[in-house]
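The next block holds one structure in the form of structure tokens; read it before the comments.
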Amino acid sequence: MRPQNPIATLPWRECANVPIATAAQIIGCSPGRIYALATEGCMDLVKLAGRTLVPVESLTRFLDAAEPYRPDGSRPRGASLTRARARAARPADA
Numbered sequence: 001m002r003p004q005n006p007i008a009t010l011p012w013r014e015c016a017n018v019p020i021a022t023a024a025q026i027i028g029c030s031p032g033r034i035y036a037l038a039t040e041g042c043m044d045l046v047k048l049a050g051r052t053l054v055p056v057e058s059l060t061r062f063l064d065a066a067e068p069y070r071p072d073g074s075r076p077r078g079a080s081l082t083r084a085r086a087r088a089a090r091p092a093d094a
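Have a look at this one:
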């Protein structure tokens, strides 16, 4: 029986950085999506000893910014979102 790696059992929030694969597991997406989120500016990546890592602070910030899911569709999307923004931008007396 192999001894368990103590680093692998360390809770991810206690680490400074996590590998791309771990960040993808935490969020529930693919590693490619992590790179896409970084390209979109939603998440930071760092290079350390030739490895690309996600700072836990950046990962936590991304998760904290998540909006609640509403299965009833109460959040406006697409054209209805555009109309809602236009109504909000109009003066009250118009």
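Numbering (the UniProt record's numbering), first residue to last: 1 to 94. Glycine is no exception: its CB is placed at the ideal position from the N, C-alpha and C atoms.
Item checked: Backbone CA spacing between Ala21 and Ile27 [nearest angstrom] -> Rounded to whole angstroms, the gap between the alpha carbons of Ala21 and Ile27 is 10 Å.
Margin query: Whole angstroms are fine: how far does the CA of Ile34 sit from the CA of Leu59?
Written below: In this structure, the alpha-carbon of Leu59 lies about 10 Å from that of Ile34.
Checklist line | Per-residue DSSP class, three states only, for Gly31 | finding: The amino acid at residue 31 is misidentified as Gly; the sequence shows Pro. Residue state for Pro31 is assigned as helix, using DSSP reduced to three classes.
Next item on the list: With Leu48 as the anchor, note down where its alpha helix (DSSP H) starts and where it stops.
Entry: Segment 46 to 48 is the beta strand (DSSP E) holding Leu48; no alpha helix (DSSP H) there.
Next item on the list: If I'm right that Leu45 touches Ala38 with Cβ under 8 Å, what's the distance once you round it to whole angstroms?
Entry: That belief holds up - the Cβ atoms of Leu45 and Ala38 are roughly 5 Å apart, short of 8 Å.
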